[in-house]
Amino acid sequence: RADVLTIGEAMVTVRCAGPLRLGGDSRVSTAGAEANVAIALSRLGHTARWTGALGNDEPGELVLRTLRAEGVLTDHVVRRADAPTGLLLRDVAAGGRARVHYYRRDSAASTLSWNEVRPAVEAGQAGLHLTGITPALGPAPLEAVVAAARRAHRSGAWVSLDVNHRSLLWSREEAARALRPLLPYVTVLIASDDELDLVADGDGERDGVAALLDAGVEEVVVKRGAAGASYHDARTSFDVPARRVPVVDVVGAGDAFTAGYLSGRLDGLDAYGRLERATLLGAASVACAGDWEGLPTRAELPALALPDGETLR
Ligand code: ATP
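The numbering of the sequence shown is this note's numbering, which starts it at 2 and goes up by one.
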């Protein structure tokens, strides 16, 4: 039995320092929101299982090797001989803005089915973590995610959903239609402030949060990048500022933040403690290159909470 099961697409990333069209040196790693969360949780000492479908190819081997090296359980991962592992190219556009190019259409993960993820869900978990990315990959993954949420919820597990809207994969209308049926099973909903209206009607954040709590969601966490985050449940609402850190790479901050929140939940921390750990992990991800490489282990956690600017001696 795992503390947390996550289901999703993990890909190989190739990172270029400048515009891809100019070529030059690049760095190969792995990415995938759910896999990032699994790695972050595992580093914090929780038992995390990741499942999904990978190609029977060299990128698939890199993904598996990375997850295993990080202590993530991969015992239910599906391999396909007839479809590749997805690929994500990252470069820097003119003006210095980070840019992504997906090669994930017809990837192994795009046909992930409920039958394929079912054994992982039936292996048992305290919590199931989902994102709005996997359901965008195709009808089969959408069905798989909804069925997994239903099954986990019925078994007494909590379910967390990070809305994670990806406009390159689907429209806001499509995302709203697909994600709203998940809400009856969702315990913890995490969204950026501009994603709330995908899952809740109402004018503005207050109405959106109220609608989610009315729909049975127990905890709503709103991410605002460098402006921090907010927490809402039936009894309380509060804001937490982000920590001030040098910004090296903002990609992956949301996944790190989510993992920090879920880790706090697994440890039985109160809402302030959960948000504090989430904020520490978000900041750690921003301050290091890579989606997950700079995430802390459990032993490193206290040092992250030191006042800004203090040296480790
Ligand atoms: P992504 O999808 O790129 O991973 P996101 O949009 O889901 O990110 P953000 O809102 O950017 O998530 O970040 C999540 C949390 O990480 C924030 O609430 C904050 O606590 C922390 N964070 C993000 N950006 C910064 C920053 N520049 N400095 C410090 N902390 C940050």
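From the three backbone atoms N, C-alpha and C, an ideal C-beta is built for every residue, glycine too.
Practice item. Evaluate R50 with the Cβ neighbour count: other Cβ atoms within 10 Å of its Cβ, from every protein chain shown; 16 or more gives buried, anything less gives exposed. Key: buried
**Study point:** Helix, strand or coil at I40 according to DSSP, with G and I counted as helix
**Key:** helix
Point to revise | G203 versus G253 - alpha carbon distance | key: 29 Å
Check your understanding: What first and last residue would you give for the beta strand (DSSP E) that runs through Y232?
Key -> A230 to H233
Exercise for review: Tell me whether the beta-carbon of A285 lies closer than 8 Å to the beta-carbon of P297.
Suggested key: yes
Check your understanding: Can we count V38 as close to the ligand ATP, meaning its CB is less than 7 Å from some heavy atom?
Key -> no
Exercise for review: State whether the segment 8-25 contacts the segment 264-282, with contact taken as three or more CB pairs (one from each stretch) at a distance under 8 Å.
Suggested key: no
Review point. At a cut-off of 7 Å, is A254 close to the ligand ATP when judged by its beta-carbon and the heavy atoms of the ligand?
Key: yes
Check your understanding: How about R199 and A235: do their beta carbons lie closer than 8 Å?
Key -> Before going on, a small fix: residue 199 reads as Leu here, not Arg. The answer is no: Cβ separation not under 8 Å.
Check your understanding: Just curious, the alpha helix (DSSP H) that D4 is in, first and last residue?
Key -> No alpha helix (DSSP H) holds D4; the beta strand (DSSP E) holding it covers A3 to I8.
Exercise for review: In angstroms with no decimal places, state the Cα-to-Cα distance between R81 and P60.
Suggested key: 12 Å
Exercise for review: Please report how far the alpha carbon of D268 lies from the alpha carbon of L131, in whole angstroms.
Suggested key: 20 Å
Check your understanding: Helix or strand or just coil, what does DSSP make of E311?
Key -> coil
Review point. Between the C-alpha atoms of E301 and A288, what's the straight-line distance to the nearest angstrom?
Key: 15 Å
Check your understanding: CB of V189 to nearest heavy atom of the ligand ATP: below 7 Å?
Key -> no
**Study point:** Same chain, Cβ closer than 7 Å to S264, neighbours up to 5 away in sequence not counted
**Key:** L42, L45, H47 and R278
Exercise for review: Between the Cα of A109 and those of D215, D195 and P85, spot the shortest distance and give me the residue it belongs to.
Suggested key: P85
Check your understanding: Is the segment 159-176 touching the segment 124-141 in the sense that three or more CB pairs, one from each, lie closer than 8 Å?
Key -> yes
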